[in-house]
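Participant: Residue numbers (the working numbering), protein chains in the order written: chain V, 278 to 390; chain B, 18 to 129. The beta-carbon is built from N, C-alpha and C at its ideal position, and this holds for glycine as well.
1. What does the alpha-carbon distance come out to for the pair residue 281 of chain V and residue 104 of chain B?
2. Taking Cβ-Cβ distances shorter than 7 Å, what residues in chain V pair up with residue 122 of chain B?
3. Kindly indicate which three-state DSSP category residue 69 of chain B falls into: helix, strand or coil?
4. Skipping 5 residues on each side, what residues in its chain have a beta carbon closer than 7 Å to that of residue 74 of chain B?
5. Does the CB of residue 50 of chain B have a neighbour CB from chain V at under 9 Å?
6. Residue 91 of chain B versus chain V: which residues are under 8 Å apart at the beta carbon?
7. Check for me: the beta strand (DSSP E) holding residue 284 of chain V runs from which residue to which?
8. Can you check which of these residues, V:294, V:383, V:284 and V:297, is closest to residue 363 of chain V by C-alpha distance?
9. For residue 354 of chain V, is the classification buried or exposed, using 16 other Cβ atoms within 10 angstroms of its Cβ as the cut-off for buried?
10. Which residue comes first and which comes last in the beta strand (DSSP E) that contains residue 21 of chain B?
11. Note down, in chain order, all residues in the region 339 to 355 of chain V with a beta-carbon under 7 Å from any beta-carbon belonging to chain B.
12. Taking contact to mean 3 or more Cβ pairs, one atom from each stretch, closer than 8 Å, check whether the region 329 to 348 of chain V and the region 19 to 34 of chain B are in contact.
13. Can you tell me which of the three DSSP states residue 42 of chain B falls into?
14. Taking all protein chains shown into account, do 16 or more other C-beta atoms lie within 10 angstroms of the C-beta of residue 55 of chain B, making it buried, or fewer, making it exposed?
15. If the cut is a Cβ gap below 7 Å, which residues of chain B does residue 303 of chain V touch?
16. Tell me, which residues are paired with residue 55 of chain B by DSSP?
17. Using the three-state DSSP reduction, which class does residue 315 of chain V fall into: helix, strand or coil?
The following block contains the structure:
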């Protein structure tokens, strides 16, 4: 069945450091891929998405490229800020039925000044 | 501002009580979902609905039921709350297709 695997946390970085959070997936066909972010005490917010191979999603300085050959969708940001401290979830979805999202277990990022 | 609203942020209930968690969306979304979130386990789908009066079991439906009498409202029901249902509960909604979900802020339920 479909599944998402993302790197274990927690991840601690200094401000302005480069961020990579790895995400790989297992799925039949051509799923859509998403990154969600959850700030402390809040629900999840859609950060970015990509719907086909080689698409690059981007938002708020974050980027991720849909790599079908490596079944990956790694999240990157060139210079993190303290305000980026949150939990990040990778997810995939098919376009059938209720287009259910399958989530990874989340990666907690802490950025220190 | 479009949103998904969950009726309570924090809730404390006793073992054996019947518990209702309410979720309302104002985006005319067809699909609605209930997840629970636990440390180390990520998000697990409890139930979802893709139309009024329709419901489908997710990955962990045991001990839960749902109701969707109106398009905008999706209720999660714990028939007899137990301590292992202490968790963060997240409601979400979406249009069909690759648009992602809009989540509510969550309800942190503690069963004592």
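Facilitator: On the basis of the supplied data:
1. 22 Å
2. 319 and 320
3. coil
4. 64
5. yes
6. In chain order: nothing, as chain V lies at least about 12 Å away.
7. From DSSP, residue 284 of chain V is part of no beta strand (DSSP E); its letter is neither H nor E.
8. V:383
9. buried
10. Counting along the chain, residue 21 of chain B sits inside the beta strand (DSSP E) bounded by residues 21 to 23.
11. The region 339 to 355 of chain V vs chain B, Cβ under 7 Å: nothing.
12. no
13. strand
14. exposed
15. Within 7 Å Cβ-Cβ: nothing; residue 303 of chain V doesn't reach chain B, min ~15 Å.
16. B:59
17. strand
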